[in-house]
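Encoded as structure tokens, the structure appears first; notes follow it.
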Amino acid sequence: MTVSCRSGDQDSFEPTSEADEPHNVYYAQDTPTTKAQFPYFRPIKACAASATVYCRSLMSAGNGFPPFDAIDDQSPASHIERGAGIGDVGYIDSEGTFVYCFNIFYPSDHPIQEDTMPREFVPIEPPLADWEVRTSQDHYPPGSVVAGEGVSFTSISQSPLKIAFSTSAREGAVLVLPEGNTRRIGTSL
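Below, the structure is given as structure tokens:
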């Protein structure tokens, strides 16, 4: 790409081809002590963190906030085995991982509980009845793909599962569910 300029001329970027569009070109600004005389190019040093791209891209799929890693390695073993569930309280860390703190339905001495519970914690009782939880067994059937906007995919084969992805977007993400997914939603919360 070539860049030429005249003093104060912000229209002086001259790409040598269509591929050289003026992305990330910033023009020096006049200040009380200096006169802007040239544009400068500031390349992108790194793409957004994988977790940020993943979460931002899949948010549009309409399934709530998509944690990059749904279960923290530091969670209690019983929580890791069970997976994230209704009543879990936690936060999303900077890596996009759901960090589990405690569950509002279990007593404080239950093995799934962490030391991060409030001091005066009292579980919500009674726990949800079956009629208060809507379960969709194959919300996403085996082999499903959840893709962010601008990502297209083609299923090549089911066994073994092979999928081709493509995008013309600057960033995107996909979630492949080889075993499918069951969704549980608390209806009375």
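According to full-length UniProt numbering, the sequence shown is numbered sequentially starting from 1.
Beta carbons: idealized from backbone N, C-alpha and C, even for Gly.
Those residues which DSSP pairs with residue i across a bridge
i: Val151; result: Thr167
i: Leu58; result: Paired residues: none, contrary to the question.
i: Tyr106; result: Looking at the DSSP assignment, Tyr106 forms no beta bridge with any residue, so it has no partner.
i: Asn181; result: Tyr140
i: Ile92; result: Phe98
i: Gly87; result: Looking at the DSSP assignment, Gly87 forms no beta bridge with any residue, so it has no partner.
Presumed contact (8 Å Cβ cut-off) between residue i and residue j, rounded CB distance
i: Thr182; j: Val133; result: Not really, about 11 Å apart at Cβ, beyond 8 Å.
i: Leu161; j: Pro178; result: 5 Å
i: Phe105; j: Ala70; result: So it is not a contact: roughly 19 Å between Cβ atoms.
Beta carbon proximity, residue i to chain C, threshold 7 Å
i: Pro123; result: Here there is only one protein chain, and chain C is not present.
Alpha-carbon to alpha-carbon, residue j and residue i
i: Ala84; j: Arg119; result: 23 Å
i: Ile92; j: Ser57; result: 16 Å
i: Cys55; j: Val151; result: 14 Å
i: Phe65; j: Ile156; result: 29 Å
i: Ala164; j: Ile80; result: 31 Å
i: Thr52; j: Asp88; result: 22 Å
i: Cys101; j: Ser94; result: 16 Å
i: Met59; j: Arg82; result: 24 Å
Reduced DSSP category for residue i - H, G, I as helix; E, B as strand; rest coil
i: Arg134; result: strand
i: Ile124; result: coil
i: Tyr100; result: strand
i: Ile156; result: strand
- Message: Under 8 Å: do the segment 105-114 and the segment 67-87 share three or more Cβ pairs, one atom per stretch?
- Response: Remark: three or more beta-carbon pairs, one from each stretch, lie closer than 8 Å, so the segment 105-114 and the segment 67-87 are flagged as touching.
- Stretch-stretch touch, CB-based, cutoff 8 Å, three pairs: the segment 142-158 with the segment 124-132: With contact defined as three or more Cβ pairs closer than 8 Å, the segment 142-158 and the segment 124-132 are not in contact.
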